[in-house]
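Worksheet: one structure, shown below.
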Amino acid sequence: MATSQDIVSSDIVIKELDKRASGQAFEVILAAPAPDAKAEFPLSPPKKKDVSLEEIQRKLDAAEERRKNHEAEVLRHLAEKREHEKEVLQKAMEENNNFSKMAEDKLNQKMEANKENRTALMAAMNEKFKEKDKKLEEVRKNKETKDGSED
43 MATSQDIVSS
53 DIVIKELDKR
63 ASGQAFEVIL
73 AAPAPDAKAE
83 FPLSPPKKKD
93 VSLEEIQRKL
103 DAAEERRKNH
113 EAEVLRHLAE
123 KREHEKEVLQ
133 KAMEENNNFS
143 KMAEDKLNQK
153 MEANKENRTA
163 LMAAMNEKFK
173 EKDKKLEEVR
183 KNKETKDGSE
193 D
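When we follow our numbering, the leftmost residue of the sequence shown carries the number 43, and every step to the right adds one.
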């Protein structure tokens with residue numbers, strides 16, 4: 043299956059396989075590692091240096107300090123959030139109170155205007171009725187004087 047064209051380098055052998063309409067195929071053969079070469083990755087994990095009790099305690103203390111700092115940061119953030127919520131609620135209550143006060147003032151003004159209009163209307167009607175009563179009285183007097191003079 044191998045064709046006539048083979049490329050050989052020191053560690054790699056590349057053989058060109060049959061060419062097809064869909065493309066070319068290659069076979070890459072890697073050379074076996076040299077017996078005297080050392081492996082770059084050892085099979086066993088590297089030996090850890092002995093860690094003293096003081097170093098372990100120092101690392102534990104540092105971890106505890108980081109945990110406390112993180113917890114304090116979270117609590118501070120929550121406190122800020124609660125404070126913001128209180129401010130928002132306070133502002134909403136103030137706006138609601140202001141709106142209620144404005145609505146009440148507006149209603150009082152309308153009621154006062156209606157009362158004044160009603161009072162003015164009643165006074166005008168009373169004046170009109172007084173004038174009618176005067177005319178009626180005048181007509182009665184005229185009629186009485188007319189009737190008295192006819193007798």
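Note that beta-carbon positions come from the ideal geometry of N, C-alpha and C, so glycine has one too.
Predicted, not measured: the structure shown is a model, and the values here were computed from it.
DSSP state of residue i mapped onto helix, strand, coil
i, result
"residue 92", "coil"
"residue 53", "coil"
"residue 104", "helix"
"residue 74", "coil"
"residue 67", "strand"
"residue 61", "strand"
8 Å contact criterion, which residue i and residue j should meet: CB distance rounded
i, j, result
"residue 54", "residue 72", "6 Å"
Residues of its chain near residue i, where Cβ-Cβ distance is below 7 Å and the 5 sequence neighbours each way are ignored
i, result
"residue 67", "59 and 60"
"residue 130", "none"
"residue 40", "Only positions 43 to 193 of the chain appear in the structure, and residue 40 is not among them; the question remains open."
Spatial neighbours of residue i in its chain, beta-carbon cut-off 8 Å, leaving aside the 5 residues before and after
i, result
"residue 43", "With a pLDDT of 45 at residue 43, under the threshold of 50, the modelled position of that residue is not reliable, and the figure given next carries that caveat. Here the set comprises 59 and 60."
"residue 162", "none"
Quiz prompt | Runs of beta strand (DSSP E) lying entirely within the stretch 159 to 193, each at least 3 residues, in chain order | solution = Runs found: none.
Exercise. Scan the stretch 105 to 161 and note each continuous beta strand (DSSP E) run of 3 residues or more that stays entirely inside, going in chain order.
Key: Whole beta strand (DSSP E) segments, 3+ residues: zero.
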